[in-house]
Structure formats: C-alpha cells, structure tokens
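The numbers in the numbering used here rise by one with no breaks, and the one at position 334 of the sequence shown is 316. Structure first, then comments.
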Amino acid sequence: MAEFTMPALGADMTEGTVVEWLVSPGDEIRRGDVIAAVDTEKAVIDVECFESGVLGDILVDVGQKVPVGTPLAVIATDDAAAVPPSGASSPIPASEPARPGSPPSPERPATAVEPRVRSPLVRLRAAEAGIDLRRVPATGPGGRITQSDLDRVLQPPTLPHRISATPYARRLAAERGVDLATIQGSGRRGLVRARDLPRAAPAATRSPRPAAHADPRHATAQLMARSKREIPHYYLGAQVDLTDALDALRAHNRAIPVPDRVLPAALLLRAVALGLRAVPELNGHWIDDGFRPGDGVHLGVAVSLRGGGLAVPVLRDADALGLDALMRALADAGGRARAGHLRSSEVSGATATVTNLGELGVDTVVGVIHPPQVALIGIGAVRTRPWVVDGAVVPRAVVDISLAADHRASDGATGSRLLREIGRVLGQPDLLVGDDQVGDDEVGDDEDRRPR
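Listed below in structure tokens is the structure:
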C-alpha cells in the first residue's frame, strides 16, 4: 500500500484544501495521472500521483483543509498485490503420512482461487448484486478486480447508463440544473470534471474552478512579508539596448506561421536563462544557512491571475530550450495558470524567478525574492530612447532590467556580472534566435571564466 499525501507546492505552503477528486475508489491510476485538485491559497493546482495501482479509501473529503504531508488517499500498488490481505488464513500444516496398508484418501477437488479485491466498494456492490467475484474477469494491476470489471458484468440492457463524473462535478451540476448526460467530459475515459460544467452553462459567472480561499492575496502577503523579514535584499539595475535583438526576432517571425510567432517576452526569458547558466551563484536556493546551486536553470515566471494573486509556473531547463520551444512552453504555462489547470510538478522547484511588467507600462521593477530562491529578475517596458551609437545619438529600443538578490548568497559584484551577461547575450542575436541549443562555451565572456 502507498499513501497519496498533501504535497508541498511551494516553499511557503504549509496546508492545502482538497477542491476536487478526479477519481473514485476502485479506479485504476497510473504514475503521472492527475487525481485531485488542491487549493494552495494562491491558485488551484492539479495534483499528480506518483504511484501506479488502484485507488483505495479516500481519507480527506472535498472542502477539507489539511497540513502538508497529510494522507489524502490510499493506493494499492503492484507491490501490495503480493501481500496477503488481513484475515488470510495461516499456512496449512502438512498432513501426516499414510499408514502402511491404509487405503489412500480420495483427492479433494481444488478450490477456486480467491480473487484479489482491494476496494470495499467492489465487494459491497458484488454482494448486493449476488455476483460471485471468482467469475468476474480481472483487468486491474496484479490481477485485481476493479469497479470497471464489475460494471461490465452488471450491464444488462435494463440498467441505465452510468455517467462517469467526479463527486464535485455532480454536486455543481445539481446546483446549476445541468444534465450530466449532455456534458462531454475532459477527464480520462470521458470523466466529467467540474471545469467541464461552465462550457455547458455559459450563464454561470463562476470560474471553472472556484478557489476555496476567499482572498488569494493572503498567501502572497505572508510569503512576501517572510521574504522581506528574512532575506537581506540588494538591488541592481541596467538599461539594455534591444534593437538588434528585436530586428532579428522580426526576421525570425516572418519565416514562421503566424500562430507560432515569438513574443519579445520569450526573447528576454532566453537571455535571462543563459545569463543564469553563466552566473550559477544566483541560480539556486538558500537552505539551512547555505547556498545550494540548482540542478538546472528552472525559471519561475510570475503570472497575474484574473481573480487576483499570482501563480508562478516553472519552465524547467529553460537554458536548454530554443527560442521557439521556450515560447511554446511560456504560452502553455501562462494559459493554464490563468485557467487554474497547472499541475503540481509545474509550480515547484524554480531556481530563480522572472517578473515582466512591461506590458503594463512599468519602466522599472523592484522585486521581492521568492524564498528559498536567491534572485528575482525584473523586466520593464521596451521604450524608444536616445542612445549613443558610434558617437552619434540615435533612437534605440531600450529595456530596464533589474535584479533583486540575496546578500547572504552573493554580493554586488556577482549581481553585476549577471546583468552584464544578460545584456551581452541580448546584444548577440545569434545566441537568441532559433532553436539551436547554446553550448557552455558560448555563454559568459572571458572575464567571467577567469578563476576567482
């Protein structure tokens, strides 16, 4: 048996609320399946399971708030199939050898093998219907009988078709007067989820997944207060000429279909990712009074939610993504963050965060570090400004890039190296445009590679 527990979806998360169960006891689940939705007070996150097996008992109901690490459900894994169920009879002792001259005992017919059933609900339904479970073909892991196996036996034409829906979706459908038979489910094998209902009832004004917490600012406020209380911030800023990079981006976009075109935000993210690869002292976490470098450049991207608050999806190994791939990842993560459809694996593990407020007309961003990270990079609006090029003042596209860094992990010289490296990369469009990966030998100037 394995336990499915309340995950820690961020360094500041101490508890969460179960918003929706997407599976029922007796259902088969595979590693990586999304089986529940959890409200972290910042956003509603789809939570994946990291065990394969059959869902047993659900221990925490929808609407309950529990601490991180609390068991939410029990999963019967393949390993558990080999363990005899409680109450199994003890081994039968060997019979005494036959006495000489006594007639052999007649052989007893072999008894049918007891089926493997881990779900009490399957046993209950079979008993109510008078079904001998030994006659039910088992398709579950380890030869177990699942609810789907039982449903195939209990399918006489007189029985109405059973709609597959989560308990939360059924409750919402009843409240809104929606017939679940008219809904096309988006879950596995057509499972109707709560997010499917607004498409069938457009008059509803609620979001696809109403957050259980009334004030999404609450968790953000606590995290930011902790950051300013515990982290000695220092701030640096630089203005960077983007003209050549934007010219290269326009040429790149002319050569690809319109839906695939790349936004300047992806260009800037790529430069930040390559900069952090070259200055690893700012890419990682401050934990237990020491700096731990990241195992890759995993960029957290701050996304404003329509209902208030922030979500920070993580673009993993961003420095290894080409520009087009980075744009696709950014668009996908941002869209699902705003819709409340992020997975648990997509909101944890960031090694640095980028916040871009340029679209809102902000010139300079003075950010607050997301603990336990040690750096936050802020990006402002791209402005046309007078710039000196070859001794002449000309109009150029310029952006303000700022750095908030943890003084425990680095000093101003290290921070200035990062800003200088980001500016250097943005001044070399060949490093940015295209899906070719950039090697380590192309990142960082000679001064940055000197022994220190």
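For each residue, glycine too, the CB sits at the ideal point set by N, CA and C.
1) Check for me: the beta strand (DSSP E) holding Leu258 runs from which residue to which?
2) I'd like to confirm the pairing. Which residues does DSSP put opposite Val296 in its beta bridges?
3) Could you give the distance in angstroms between the alpha-carbon of Thr366 and the alpha-carbon of Gln221?
4) Please state if the CB of Ile404 and the CB of Ala254 are separated by a distance shorter than 8 angstroms.
5) Mind the definition here: the region 39 to 46 touches the region 310 to 317 only if three or more C-beta pairs lie below 8 angstroms; say whether that holds.
6) Can you say whether Thr(-1) is buried or exposed, counting buried as having 16 or more other CB atoms within 10 angstroms of its CB?
7) Using the Cα positions of Gln355 and Val26, report the straight-line distance between them to the nearest angstrom.
8) Kindly indicate which residue of Val329, Val364 and Thr128 has the alpha-carbon position closest to the one of Ala(-10).
9) Out of curiosity, what's the CA-to-CA distance linking Thr(-4) and Arg126?
10) Helix or strand or just coil, what does DSSP make of Ile361?
11) Measure the alpha-carbon distance for Thr187 versus Val296 and round it to whole angstroms.
12) Among residues of its own chain, excluding the 5 on either side of Ile269, which ones have a beta-carbon nearer than 6 angstroms to its beta-carbon?
13) With a threshold of 16 other CB atoms inside 10 Å of the CB of Thr164, please say whether the residue is buried or exposed.
14) Among the candidates Ala55, Leu224 and Gly8, whose CA atom is the shortest distance from the CA of Ala18?
15) With DSSP collapsed to three states, give me the class of His215.
16) Please list, in chain order, all residues of the same chain as Gly169 whose beta carbon is under 7 angstroms from its beta carbon, the five residues on each side excluded.
17) Note down the Cα distance separating Pro138 from Pro239, rounded to an integer number of angstroms.
18) My output table needs one value for Glu403: the three-state DSSP class, helix, strand or coil.
19) Taking 8 angstroms as the threshold (C-beta atoms), are Ala227 and Pro411 in contact?
20) Considering only their Cβ atoms, is the gap separating His389 from Tyr216 smaller than 8 angstroms?
21) By a C-beta neighbour count over all protein chains shown, 10 Å radius and 16 as the cutoff for buried, is Phe(-14) buried or exposed?
22) Please report how far the alpha carbon of Val348 lies from the alpha carbon of Ala321, in whole angstroms.
23) Give the secondary structure of Val370 by DSSP, where H, G and I count as helix, E and B as strand, and everything else as coil.
24) When we look at the beta-carbon of Leu258 and count the other beta-carbons within 10 Å, is it buried (16 or more) or exposed?
Quick look at the numbers:
1) Here residue 258 is taken as the residue at index 276 of the sequence shown, counted from 1. Leu258 -> not in any beta strand (DSSP E); alpha helix (DSSP H) instead, spanning Pro246 to Ala260.
2) On the sequence shown, residue 296 is found 314 positions in, with the first residue counted as 1. Per DSSP, Gly282.
3) The sequence position of residue 366 within the sequence shown is 384, counting from 1. The sequence position of residue 221 within the sequence shown is 239, counting from 1. Distance between the alpha carbons of Thr366 and Gln221: 12 angstroms.
4) Along the sequence shown, one-based indexing puts residue 254 at 272. Along the sequence shown, one-based indexing puts residue 404 at 422. Before going further, note that residue 254 is Val rather than Ala in the sequence given. Cβ distance < 8 angstroms, so Val254 and Ile404 count as in contact.
5) no
6) The sequence position of residue -1 within the sequence shown is 17, counting from 1. Thr(-1) counts as buried, since at least 16 other C-beta atoms from the protein chains shown sit within 10 angstroms of its C-beta.
7) Stepping through the sequence shown from its first residue, residue 355 is reached at position 373. Stepping through the sequence shown from its first residue, residue 26 is reached at position 44. Distance between the alpha carbons of Gln355 and Val26 is about 22 angstroms.
8) Working through the sequence shown from its first residue, we reach residue -10 at position 8. Selected option, being the one with the closest Cα: Val329.
9) Translated into positions along the sequence shown, residue -4 becomes position 14. Translated into positions along the sequence shown, residue 126 becomes position 144. If you take the alpha carbons of Thr(-4) and Arg126, they lie about 36 angstroms apart.
10) As a working mapping, residue 361 is identified with position 379 in the sequence shown. Ile361 sits in a strand when the DSSP states are folded into three classes.
11) Position 205 of the sequence shown, counted from the first residue, corresponds to residue 187. Position 314 of the sequence shown, counted from the first residue, corresponds to residue 296. A caution first: Thr187 carries a pLDDT of 38, below 50, which makes its placement in the model unreliable, though a value can still be read off. Taking the straight line from one Cα to the other gives about 29 angstroms.
12) To locate residue 269, count along the sequence shown from 1; it is residue 287. Excluding positions up to five away in sequence, the list reads Pro354.
13) Reading the sequence shown from its first residue, position 182 is the one you call residue 164. Exposed.
14) Counting from 1 along the sequence shown, the entry for residue 18 is found at position 36. Comparing Cα-Cα distances from Ala18 to each of Ala55, Leu224 and Gly8, the minimum goes to Ala55.
15) Taking the sequence shown and counting its residues from 1, one reaches residue 215 at position 233. Residue state, collapsed to three classes: strand.
16) Counting from 1 along the sequence shown, the entry for residue 169 is found at position 187. Excluding residues within five positions, the ones whose Cβ falls inside 7 angstroms are Leu4 and Arg175.
17) Sequence index remark: in the sequence shown, residue 138 carries index 156 (1-based). Sequence index remark: in the sequence shown, residue 239 carries index 257 (1-based). Residue placement at Pro138 is poorly supported in this model, since its pLDDT is 47, which falls under 50; the coordinates are not used for a value here.
18) Along the sequence shown, one-based indexing puts residue 403 at 421. Of the three classes helix, strand and coil, the one that applies to Glu403 here is helix, per DSSP.
19) Taking the first residue of the sequence shown as position 1, residue 411 is located at position 429. Taking the first residue of the sequence shown as position 1, residue 227 is located at position 245. Yes, they are a contact pair.
20) Here residue 216 is taken as the residue at index 234 of the sequence shown, counted from 1. Here residue 389 is taken as the residue at index 407 of the sequence shown, counted from 1. Cβ distance < 8 angstroms, so Tyr216 and His389 count as in contact.
21) Within the sequence shown, numbered from 1, the residue matching residue -14 stands at position 4. Buried is the call here.
22) As a first step, residue 348 is located in the sequence shown; it is residue number 366 there, counting from the start. As a first step, residue 321 is located in the sequence shown; it is residue number 339 there, counting from the start. In this structure, the straight-line span from the alpha carbon of Val348 to that of Ala321 is close to 27 angstroms.
23) The count along the sequence shown starts at 1 and reaches residue 370 at position 388. Strand.
24) Within the sequence shown, numbered from 1, the residue matching residue 258 stands at position 276. Buried: at least 16 other Cβ atoms inside 10 Å.
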